[in-house]
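FYI, the UniProt record's numbering numbers position 254 of the sequence shown as 254, with every residue one higher than the one before it.
To keep things clear, I will list the structure first and then write my remarks on it.
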Amino acid sequence: MTSIIIYSLRADRNKLWFILVLFILGLYIVLNLVRVASNYFTGDGIDDSVLYTITSNLTGAGVGKYILPFAGFLAVSLTVFALMSWVLLRTSGKNTNVLYSVLALIFAGGSVVITPASGEIAGLMKSEFGQDKSDFYNYYKTPKKTMTGNKPNLIYIYAESLEKTYFNQGVFPGLTTELGADKKDSISFENTIQLPGTGYTIAGMVASQCGIPLFAPFDGNASSSLSTFYPHAVCLGDVLHASGYDTFFYQGADLAFAGKGLFLKSHGIEHLYGLQELQDQVDDPNYKNEWGWYDDTLLNIVYNKYIELSKENKRFALFALTVDTHHPDGYISRTCTRKSYEYNNADNSSLSAVACSQQHIADLIDKIKQSPYFKNTVIVVSSDHLAMNNTAYDILTKNDRKDLFFA
C-alpha cells in the first residue's frame, strides 16, 4: 500500500518504472493469494505437500469441491491486479521525481521479501537444494532385505487423515467407538509425532515403508515421470517381496495421482489396484465419489482377497488406503449405519465421514478376526498423515495431535 501511495503521488511517469513497480506489486499479490489458496487446502500455508502436488502427477485428483473456490480465487486475483494497475496509472503528473519511483520500487520489493509466502517458499527451496550439505548418510542404515523367523501374513490399512486425535473421547465422545475398541485390544504406539516431509499421503507412505521423509537426499526423485522412485532405498515392500510374500495394494483413487503407483511398484508391491483396475470388480460402477471407490466397496474387495489368498496357503501382504475421510468435507458411504456426527449441536461433515469410515475399517478387522486364518495374520492400522484443512480442523489444532498407529 505504501508503494502504491508513493508512486501515485509524485513518481516519474516513465513507462519502465511503471512496469517494474506493477510487476513487483503483482508478484506480492500473487504470492499472498497463492498462500491463501494453499492454506485452504493444507491449513498450514505453502508447505511441502503443495510443492510436491503441483510438481507431480495430478491424474485422478478429486477436484470437484475445489472448482468454486478456485474460480473465486481467480476472480479476486484479476480484480485486484486490474484495480492496482488503474491506481498506479492515476498519477498526478505534477512535480514528478524519479526518487519517488525508486522509493516505490524499494517498498514494493520489501513487501515481497517480508510476506509470509516468501518465507515459506524460501524454506522449501532451502530444504530442496541444500541437500549436498546434509549429514543424512552419516546416520541412515540400509535395512536388511529379508526377514527371519516367523512370517505371518500382513494386512496394512492406511486410514486417510485418521489421526489419533479423533479417538480422544474427551474431545469427540463416541466418534470412533468401533475402531477404538479394536485399538484398545491392540498394541498402540502413542508418541507418533508427524515429522517434516511426512504430512501428506505419499509422504506418509514413504516414511512408514522406507523410514525416510519424502525430501530425503536420495538420488531418486519423487516425480512420477521417472521410471523409479527412490531406487536406492530399501522399503517394507522390498523386504516382504524378497522374503517370499505376494504383495498387493488396493485403493479407491487413481494410482497415478501423486506417483503412489510408481512408488509401490518400484519397491516390491507386485499387484496394484486403484480406480481403473477395480472397475471390473465392483458391484456398481456408478457408486463412487470424486476420488474413486467408497471405503465400503474397497474394504469388501480387500476382505475377499484376504480369504482367497488365505485359502491358497500363500504368504501375502495386503496394503489398503481409504479415501472417505479426505478433506475438505469427507464422503459418506451407503452402507455405514453412522452417517452423521454432531459437534456443538451441529452436524459436522468431516466428523461424520470419520464416524462412517472407521466403522468400515472396524468391520474389516472384525471379519478377519472371526475367520479361521486370523491366527497367522498381523493387522496394522495407521493414519497416512494428520488431517489437513477440513471442517473439524479448528477443533483438531487446539489439541495435542499425533498420528495413529496400532497393530
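All residues carry an ideal CB built from backbone N, CA and C; glycine is no exception.
Query                                                                                                                                                         : Result
Which one or two residues does DSSP pair with I379 in a beta bridge?                                                                                          : I155
Tell me whether the beta-carbon of G244 lies closer than 8 Å to the beta-carbon of H267.                                                                      : no
Residue ranges of each alpha helix (DSSP H) run of no fewer than 4 residues wholly in the region 328 to 388, ordered along the chain?                         : 349 to 370
Along the chain, where does the alpha helix (DSSP H) containing T192 start, and where does it finish?                                                         : Looking at the DSSP string, T192 is not in any alpha helix (DSSP H), and its letter there is neither H nor E.
Distance check for V87 and D400, CA to CA, integer angstroms please.                                                                                          : 47 Å
Mark S49 as exposed unless 16 or more other C-beta atoms lie within 10 angstroms of its C-beta, in which case mark it buried.                                 : buried
In terms of alpha-carbon separation, which member of I24, S349 and A256 lies closest to I332?                                                                 : S349
Check each candidate in Y287, E160 and L275 and name the one with the smallest Cα separation from S357.                                                       : E160
Give the DSSP-derived three-state secondary structure of E247 in the structure shown.                                                                         : A small fix is needed here, since residue 247 is Thr in this sequence, not Glu. Residue state, collapsed to three classes: strand.
Between C235 and the rest of its own chain, which residues show a CB-CB distance below 6 Å, the 5 nearest in sequence each way excluded?                      : Q209, C210 and H267
CB-CB under 6 Å to N221, same chain, minus the five flanking residues each way: which ones, in chain order?                                                   : Low confidence applies here, because N221 scores a pLDDT of 39, under 50, leaving its location unreliable and the question unanswered by this model.
How is F73 classed by DSSP in three states: helix, strand or coil?                                                                                            : helix
Report the residue from L278, L264 and I46 whose alpha carbon sits nearest the alpha carbon of W293.                                                          : L278
Considering Cα atoms alone, identify which of Y140, A181, E163 and L364 is closest to G204.                                                                   : E163
Looking at the secondary structure, which residues open and close the alpha helix (DSSP H) in which A207 lies?                                                : T201 to C210
So, at 6 Å on beta carbons, what are the nonlocal neighbours of D394 in its own chain, with the 5 sequence-adjacent residues on each side left out?           : none
State the Cα-Cα distance for the pair residue 411 and L255, rounded to the nearest angstrom.                                                                  : Because the chain spans 1 through 407 in this model, residue 411 falls outside it and cannot be assessed.
Can you give me the C-alpha to C-alpha distance between D384 and L16, rounded to a whole angstrom?                                                            : 50 Å
Leaving out the 5 sequence neighbours to the left and right, which residues in its chain are closer than 7 Å to K265 when beta-carbon positions are compared? : L272
Can you tell me which of R338, R315, P152 and G274 puts its alpha carbon nearest to the alpha carbon of N376?                                                 : P152
Tell me whether D324 is buried or exposed, calling it buried when 16 or more other Cβ atoms sit within 10 Å of its Cβ.                                        : buried
Between which two residues does the beta strand (DSSP E) holding H267 run?                                                                                    : Looking at the DSSP string, H267 is not in any beta strand (DSSP E), and its letter there is neither H nor E.
What did DSSP end up calling F167 once you bin it into helix, strand or coil?                                                                                 : helix
Would S382 pass as a contact of Y40 if the rule is Cβ separation under 8 Å?                                                                                   : no
In terms of residues, what are the limits of the alpha helix (DSSP H) holding residue 459?                                                                    : Because the chain here runs from 1 to 407, residue 459 falls outside it and cannot be looked at.
Where does F406 fall in DSSP's three states?                                                                                                                  : strand
On a CA-only basis, which of Y343, D363 and F374 is nearest P173? Give me that one, please.                                                                   : Y343
With a 10 Å radius around its C-beta and 16 neighbouring C-beta atoms as the bar for buried, classify I24 as buried or exposed.                               : buried
With distances taken from CA atoms, which of V30, K314, S352 and S186 is nearest S77?                                                                         : V30
For K184 and Q359, I'd like the C-alpha separation in whole angstroms.                                                                                        : 15 Å
Nearest by alpha-carbon distance to K141: which of H232, G119, S111 and L309 is it?                                                                           : H232
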